[in-house]
Amino acid sequence: MNQSKLEKEGIPTVTVATTAFIDLAKASTAGTGVPEMSFVVVEHPIGGISKEQIEAKADAAFPEILKMALEWKPQPAKVATPKPAYPAERVNFTGTIEDVNKLMFENGWSLGLPIVPPTPRRVEAMLKGTTRSPDEIIWVVPPRNGALTVELLAVHAAMAGCKPEYMPLLITVMEAFREEAYDWLGAATTTGSEAPMVLVNGPIVKELGIAYETGCLAGGYHPNVSMGYTVNLIGAAVGGAVATKRIDRSVLGNRANIIAYFFGENEDANPWEPYHVEKGFQPTDNVITVMSGDFVTLQELHCKTGAEVLTTISSYLGGGALCFGGGPLVGPNSFKSHFLVLSPERAAILAQDGWTKDAIRKYIVEHAKTQYGATTPKWRGIPNDFGPLTPESLVPVFGKPEEIQIIVAGGPGTHSSYVRGGHGSIVTKLIKR
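In my numbering, the protein residues as written are 40 to 472.
What follows is the structure in structure tokens.
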């Protein structure tokens, strides 16, 4: 919360939160180093209602806002001494595996799926997978700003059933998530349904057995599932992304906020250069790429040429702009990160017909359009140089070709996917082992 920075500088603040989000606001405050902040609570919702209703709520809340701004002071008794980040707290417990899982879930240390008890022996074994010091703080995880040490990462990796050799990759993933460009805070606290995505490139994909062919986003692949579960265990238990009562504050949620999207690129079936090579890395480098988004299936079942494939995909994406609330439209409000995940069969058809990645991007930008009048007004933000627009005018979904990333993944079949980016942007990092 940015308010905590102001409070630390001696500038008083008053935070207004609705009844639906006050728990999340208070939980976020707890980890900022500010023991207490002033809040005014208004009845939810304040969006999607009339101007008159909003003004009535504002008028009713204003006296309390003024009072809190002028009179509120933190209680000295509530100043808590923060616990050291290392070593992790030990919990002595005796019971069955069912009892352990109940304990974990009721304390907000798991997400409902079974976990492996992180005994000292298991954590020590996990730490043997890295040369990094166990007391090193990798990331201060928003919104609660819990300190993630190498040891605590090993704890959650053990809980998710990971192997020690996964540790260097997991450490790099956490370092990517902490980048400001990714915007973990925004992604973790949004009411939307975006979720973390991790793409892996390089020899490490086959070394660790990371799935990149048929069903690579499904179950049945231990590295993908266990590391995907680790990502969200840390987000929830260390970062407090689910706030209190273990509730994800997005409207509907996303299963990938339990087990994150985690897969490798199918470099063997890629007719172009792999994604990490396109970004300046060597083919032998091991690289991860993270973004926050959501997968949408593209059905181009009966296309026989590259042009037909792209026409169908562009039509999907143009119509999809309506489903996305007009968010992807060009302008200041647009999403800037997009992945086109082509199946090997579709990539092969496109390459055989002479389509390069750059040509594909350019075609989609020029042909993925939607009607101006069908978009959400406050999301439009269309640049002035588009000229006068009528409700029937077709406007592009994407701003620039370079906003569209292209990879190849999956197995036989004609289904591809589009990953709509959400908060933040794409971060790519080299894995150091």
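Cβ coordinates follow ideal geometry from the N, Cα and C atoms, glycine included.
Fair warning: this is a prediction, and the values are worked out from it, not measured in the lab.
Which runs of the beta strand (DSSP E) spanning at least 3 residues fall entirely within the region 68-129, listed in chain order?
-> Listed in chain order, the complete beta strand (DSSP E) runs (minimum 3 residues) inside the region 68-129 are 78-81.
Would you list, in sequence order, the uninterrupted alpha helix (DSSP H) runs of no fewer than 4 residues that lie entirely inside the region 125-189?
-> Whole alpha helix (DSSP H) segments, 4+ residues: 136-145 and 159-166.
Could you pull out every residue in the same chain whose Cβ sits closer than 6 Å to the Cβ of Arg472, ignoring the five residues on either side in sequence?
-> Here residue 472 is taken as the residue at index 433 of the sequence shown, counted from 1. Closer than 6 Å at the Cβ level, and outside the excluded window around Arg472, lie Pro207.
If Gln114 and Glu75 are in contact, beta carbons under 8 Å, what's the gap, nearest whole angstrom?
-> Residue numbering aside, residue 114 sits at position 75 when the sequence shown is read from its first letter. Residue numbering aside, residue 75 sits at position 36 when the sequence shown is read from its first letter. The pair is a contact, with the Cβ atoms about 6 Å apart (cut-off 8 Å).
Who are the near neighbours of Gly267 in its chain, counting only those whose CB is closer than 6 Å to its CB and skipping five residues on each side?
-> Sequence index remark: in the sequence shown, residue 267 carries index 228 (1-based). For Gly267, where only same-chain residues beyond five positions count, the Cβ hits under 6 Å are Ile298, Ala299 and Phe301.
Length of the line joining the Cα atoms of Ala108 and Val53 = Taking the sequence shown and counting its residues from 1, one reaches residue 108 at position 69. Taking the sequence shown and counting its residues from 1, one reaches residue 53 at position 14. Approximately 6 Å between the Cα atoms of the pair.
Among the residues of its own chain, which have a CB less than 8 Å from the CB of Phe132, if the five just before and after it don't count?
-> The count along the sequence shown starts at 1 and reaches residue 132 at position 93. Closer than 8 Å at the Cβ level, and outside the excluded window around Phe132, lie Asp138, Val139 and Leu142.
Alpha helix (DSSP H) segment containing Lys245, residue limits = On the sequence shown, residue 245 is found 206 positions in, with the first residue counted as 1. Segment Ile243 to Leu247, the alpha helix (DSSP H) holding Lys245.
Which term fits Ile273, buried or exposed, when burial requires 16 or more other beta carbons within 10 angstroms of its beta carbon?
-> The residue labelled residue 273 in the question sits at position 234 within the sequence shown. A buried status is given to Ile273, since no fewer than 16 other beta-carbon atoms sit within 10 Å of its beta-carbon.
Assigned secondary structure, Asn331 (DSSP; H/G/I helix, E/B strand, else coil) | Translated into positions along the sequence shown, residue 331 becomes position 292. This sequence places Ser at residue 331; Asn is not what is there. Strand at Ser331.
State the DSSP-derived secondary structure class of Ala435, mapped to helix, strand or coil.
-> Residue mapping note: residue 435 aligns to position 396 of the sequence shown, counting from 1. Sequence check: residue 435 is Pro here, not Ala. Pro435: strand per DSSP, three-state reduction.
Can you tell me which of Pro157, Gly225 and Leu152 puts its alpha carbon nearest to the alpha carbon of Leu63?
-> Counting from 1 along the sequence shown, the entry for residue 63 is found at position 24. Residue Gly225 holds the alpha-carbon nearest to the alpha-carbon of Leu63 among Pro157, Gly225 and Leu152.
Touching or not, the region 456-463 and the region 316-327, by the rule of three or more beta carbon pairs under 8 Å?
-> At 8 Å Cβ cutoff, the stretches do not touch.
Select from Lys343, Leu150, Phe101 and Pro435 the residue whose C-alpha is nearest the C-alpha of Gly292.
-> Position 253 of the sequence shown holds residue 292. If we check each option's Cα against that of Gly292, Leu150 comes out closest.
In terms of alpha-carbon separation, which member of Tyr355, Glu145 and Thr467 lies closest to Phe437?
-> Position 398 of the sequence shown, counted from the first residue, corresponds to residue 437. Residue Tyr355 holds the alpha-carbon nearest to the alpha-carbon of Phe437 among Tyr355, Glu145 and Thr467.
CA nearest to the CA of Leu428, picked from Gln410, Glu441, Pro440 and Lys439 | Your numbering for residue 428 matches position 389 in the sequence shown. Leu428 has its Cα closest to that of Gln410, out of Gln410, Glu441, Pro440 and Lys439.
Provide the residue span of the beta strand (DSSP E) that contains Asn309, from first to last.
-> For the purposes of this step, residue 309 is taken as residue 270 along the sequence shown, with counting starting at 1. Segment: none, Asn309 is in no beta strand (DSSP E) and carries neither H nor E.
Closest by C-alpha distance to Lys245, when choosing among Val237, Ala295 and Asp307 | Sequence index remark: in the sequence shown, residue 245 carries index 206 (1-based). It is Asp307.
Let me know if Gly364 comes out buried or exposed under the rule of 16 or more other beta-carbons within 10 Å of its beta-carbon.
-> Stepping through the sequence shown from its first residue, residue 364 is reached at position 325. Residue placement at Gly364 is poorly supported in this model, since its pLDDT is 38, which falls under 50; the coordinates are not used for a value here.
DSSP-derived helix/strand/coil call for Ser382 = Translated into the one-based positions of the sequence shown, residue 382 becomes position 343. The answer is coil: DSSP assigns Ser382 none of H, G, I, E or B.
DSSP-derived helix/strand/coil call for Val194 = Residue numbering aside, residue 194 sits at position 155 when the sequence shown is read from its first letter. In the structure shown, the three-state DSSP call for Val194 is helix.
Between the C-alpha atoms of Pro367 and Val73, what's the straight-line distance to the nearest angstrom?
-> For the purposes of this step, residue 367 is taken as the residue at position 328 of the sequence shown. For the purposes of this step, residue 73 is taken as the residue at position 34 of the sequence shown. Its pLDDT being 45, under 50, Pro367 is placed unreliably by the model, and nothing is read from it.
What whole-angstrom Cβ distance do Gly412 and Val277 have, given they're in contact under 8 Å?
-> As a position in the sequence shown, residue 412 is number 373, starting the count at 1. As a position in the sequence shown, residue 277 is number 238, starting the count at 1. Not quite, the Cβ-Cβ distance comes to about 45 Å (not below 8 Å), so this is no contact.
Whose C-alpha, out of Tyr125, Phe60 and Lys122, is nearest the C-alpha of Thr515?
-> Residue 515 lies beyond the range of the chain shown here (40 to 472); nothing can be said about it.
Residue range of the unbroken beta strand (DSSP E) whose run includes Pro51 | To locate residue 51, count along the sequence shown from 1; it is residue 12. Here Pro51 belongs to no beta strand (DSSP E), and DSSP marks it neither H nor E.
For Pro430, which beta-bridge partners are listed by DSSP?
-> Start at 1 with the first residue of the sequence shown, and residue 430 comes out as number 391. Looking at the DSSP assignment, Pro430 forms no beta bridge with any residue, so it has no partner.
Going along the chain, which residues of its own chain have a beta-carbon closer than 7 Å to the beta-carbon of Ile85, five neighbours each way excluded?
-> Residue 85 sits at position 46 when you count from the first residue of the sequence shown. The answer, listed in chain order, is Thr57, Ile93 and Lys96.
Could you tell me the boundaries of the beta strand (DSSP E) in which Val458 lies?
-> Reading the sequence shown from its first residue, position 419 is the one you call residue 458. Membership of Val458 in the beta strand (DSSP E) is indicated by the continuous run His454 to Gly460.
Look at Gly241 and Val326 and say whether their C-beta atoms are less than 8 Å apart.
-> Sequence index remark: in the sequence shown, residue 241 carries index 202 (1-based). Sequence index remark: in the sequence shown, residue 326 carries index 287 (1-based). Remark: C-beta atoms of Gly241 and Val326 approach each other more closely than 8 Å.
State the CB to CB distance for the pair Arg385 and Ser455, rounded to an integer number of angstroms; the pair is presumed to be in contact (CB under 8 Å).
-> In the sequence shown, counting from the first residue as 1, residue 385 sits at position 346. In the sequence shown, counting from the first residue as 1, residue 455 sits at position 416. That belief holds up - the Cβ atoms of Arg385 and Ser455 are roughly 5 Å apart, short of 8 Å.
Specify, as a first and last residue, the run of the alpha helix (DSSP H) that Lys401 falls within.
-> Walking along the sequence shown from the start, residue 401 turns up at place 362. Where Lys401 is concerned, the enclosing alpha helix (DSSP H) stretches over Lys396 to His406.
Count the CB pairs spanning the region 159-178 and the region 194-207 that are closer than 8 Å, and state whether there are at least three.
-> With the cut-off at 8 Å, the region 159-178 and the region 194-207 touch.
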